[in-house]
Amino acid sequence: MLRSIERALIDGLAGAVTEAGHDRTVDPSALELEDFDDDEKGEFSSAISFAIAADEGSNPMSVASSIADAHEAAGLPEGIGAVTVENGHINYHLDVETMARRTLSAIGDEAASYGAREHAAPETIIADVSSPNIAKPLHVGHLRNTILSDALMNVLEALGHDVARDNHLGDWGVQFGNLLHEYVEFGDEDAFEEDPIAHLLDLYQQFEQRDSMLEDVEAFEALTGSFEEAVAAERDHHTAAGKEWFARLEDGDEAAVERWERFREASIERFEAVYEELGVDFDLWIGESFYAREGWNDRIVDRALEEGVAMRAADGSAFIPIYPDEYEDAGDPERVDVDPSLARAREALDAAGNVEDADFDPFYIVKSDGSTVYGTRDLATIAYRIEEFDADRSVYVVASEQDHYFSQLFVAARKMGFTDLRLQHVNYGMISLPEGSMSTRGGQIVTVREVLDAARDRARDIVEEKGRGVDDDEVAVIARKIALATVKYGMVASNRGKDITFDIDEAVSLDGDTGPYVQYATTRAYSILDDAESVPEADAIDPGAFNDTDHRLIYHLGRYPLVLNLCEERYDAAPLARYLLDLAHVFNSFYHKNRVLDAESAAGERLALTAATAQVFENGLGLLGVDTLAEM
Ligand code: ARG
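Take the sequence shown: its position 430, counted from the start at 1, is 1666 in the numbering used here, and no numbers get skipped.
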């Protein structure tokens, strides 16, 4: 209902602006949705008069009046009762009865699909979600990624887009050559069988630590003669062996591939157990290795060199130069302006004498030893998504740490002529846990497993404390659902760009801005409905019976579809998470003020309103991947 009112208002406003003799285009941002808490302001408000007055050199108050008069004369859309002008703002007030009737019947009719719709311009979207590196445990960063991306993709699907979630595994690169080398020299079959990821992580860290230690020793100036040589030789031995194994892997050498496959499979098995617990599914698992092994990498490199987009450096490496002015609007095919020719790079190179000092950034696609890199595989992925999926948009849910990398990638992709596909980096901030909140087995890394276990333990304490005599099995089921709500809300309730500190003790609480708080409000709605003898249908009620508190709740229910739009606009699930928190607050005050069941009047109306609220909680929490609970 609000969605159609909003559209009609924007059209009407545009007409009124012209009618009143002003010259200005009106787009959706001209209209703002207000909170339903201030009668004077109205529920929709426009500040367009200020912009017009600034252009015309006139007075915003009189501009606002002229537009409001013209709009009223042309007729306000159904559902809007009045338009007023205040301090230069044009305020539209809902006709609350129409609003109540239409909102409740929309929720009643559409039920589980209330809020969902067909999109006017649906896109085929392929999104990189989760995308961890194999041979390492999933850590809290992956938790934020996985939960955010799953919720966001659910919303995009509900809004009519065709979405494929791709778990773009990091399963290729010289680090796996290093790991193969380390495993062959120091690996332990039993330790691997026992806990493959832990063992591989140990080996990986051993390699890295040895390398940096030897590097430090090498840099020590007092080193002399044979000792210096021995250190260098030791370091070279490991580095060369790692490279050698990666080369063997890239060449398809059986011994290398067979071991690497074991690492990969064991990792995937462990990852899947976690995803299952989180209730998250993927449509595709196309790791980086696919592009290397199926020839996509080679084709990208050939193409970039043949088309003269990439150049070879003296050491045999190849890169696509990115000029400093090219970073803007890189993801938007219609706006980006790039110079694919190499002329500028050659000049810059002549002037500087070497790649490092030249006035461009090299986006490497081949290293001096001939191996490909992360960026090569991302370009190959783009080619693949265009050719095999005819995708409209390629989305990357990846931490902000890779912001710079992605802007380079996007410019490189444009230079290669991949202009039909929108490229979008959905970045998110860091996540940390407060000091001492959890003891971690692994030392520095906080794993997803540890977080989930801790959340479940705390949730169980809460359920047991309430002690309503439910049996142990039930306690376990409820605790698991509360734990998931805790973690999921903790990951998405803040705007994705923000760094967050996840405090489990706060996040599990039933009264804070938490997932369990929203779950609890829903459970309360269920129990009211359970205790009622019958709940009337939306069309059978009298919309004139509602008071202000009821109207406020109805207005919030009506806003839900607009909140989903906001999520799409921002490519974030936070607006939805916060909306549900607001709804829980509004519903709780409705419940306390109106005492639904023993209300003297409008009991049926309020039951219908409670049923509608429960439906919206279900729909919204469903998109966030949070289960509702009949009992808590
Ligand atoms: N595996 C990478 C990492 O853990 C993330 C991959 C993101 N997706 C991509 N197409 N680059 O850092």
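Built from N, CA and C at the ideal position, the CB exists for glycine as well. Just so we're clear, the structure is a prediction, and the values are computed from it rather than from any experiment.
Per DSSP, reduced to three states, the secondary structure at Pro-1557 is strand. When DSSP states are grouped into helix, strand and coil, Tyr-1632 belongs to the strand group. When the Cα atoms are used, Val-1399 and Phe-1518 turn out to be separated by approximately 10 Å. Listed in chain order, the non-local C-beta contacts of Thr-1339 below 7 Å within the same chain comprise Met-1237, Ile-1790, Leu-1793, Gly-1794, local neighbours out to five positions each way being set aside. In this structure, DSSP gives Pro-1598 an extended state, which the three-state scheme calls strand. Taking C-beta separations shorter than 8 Å and ignoring five residues to either side along the sequence, the partners of Asp-1447 in its chain run Arg-1471, His-1474, Thr-1475, following chain order. Boundaries of the beta strand (DSSP E) around Ser-1282: 1280 to 1282. The closest heavy atom of the ligand ARG lies 7 Å or more from the beta carbon of Asp-1386. Residue pairing of His-1329 in beta bridges, as defined by DSSP: Ala-1318.
Beta-bridge pairing by DSSP links Met-1547 to Phe-1555. Contact between Ala-1691 and Ala-1810 is ruled out by a C-beta separation of about 20 Å, above the 8 Å threshold.
Nearest C-alpha to Asp-1452 among Gln-1441, Ala-1468, Leu-1437: Ala-1468. DSSP places Asp-1386 in the uninterrupted alpha helix (DSSP H) bounded by 1376 to 1394. DSSP links Asp-1402 through a beta bridge to Asp-1364, Leu-1520. According to the DSSP assignment, Leu-1865 belongs to no beta strand (DSSP E), since it is labelled neither H nor E.
Every alpha helix (DSSP H) of 4 residues or more that sits fully in the stretch 1280 to 1311 is shown, in chain order, as 1284 to 1292, 1296 to 1310.
In the three-state scheme derived from DSSP, where H, G and I count as helix and E and B as strand, Asn-1369 is classed as strand. In this structure, Val-1647 lies near Ala-1566, with their beta-carbon atoms less than 8 Å apart. Proximity to Ala-1866 across Tyr-1725, Leu-1765, Asp-1778, Arg-1484 peaks at Leu-1765, based on C-alpha coordinates.
The Cβ atoms of Val-1319 and His-1258 lie no closer than 8 Å to each other.
Between Asp-1778 and the set His-1307, Thr-1334, Glu-1497, Tyr-1527, the nearest pair of CA atoms involves Thr-1334.
In the DSSP assignment, no residue is bridged to Arg-1484.
Using a cutoff of 7 Å, the CB of Val-1634 counts as near the ligand ARG, since one of the ligand's heavy atoms is closer than that.
It is roughly 39 Å from the alpha-carbon of Gly-1293 to the alpha-carbon of Tyr-1815. Between His-1435 and Gly-1423, the alpha-carbon positions lie close to 8 Å from each other. In this chain, the beta strand (DSSP E) harbouring Arg-1658 covers 1658 to 1662. Within the model, the alpha-carbon separation for Glu-1486 versus Leu-1416 is close to 13 Å. Relative to Val-1631, the option among Val-1410, Thr-1617, Asp-1735, Met-1868 whose CA is nearest is Thr-1617. In terms of Cβ geometry, Ile-1288 and Val-1262 do not form a close pair [threshold 8 Å]. Relative to the ligand ARG, even the nearest heavy atom lies 7 Å or more away from the CB of Asn-1533. DSSP, read as helix, strand or coil, puts Leu-1789 in helix.
Here the C-alpha atom of Ala-1550 lies approximately 11 Å from the C-alpha atom of Leu-1585. Under DSSP, no beta-bridge partner is assigned to Glu-1513. DSSP, read as helix, strand or coil, puts Leu-1269 in strand.
Here DSSP, grouped into helix, strand and coil, assigns Thr-1846 to helix. The alpha-carbon of Glu-1457 is positioned some 42 Å away from that of Ser-1503.
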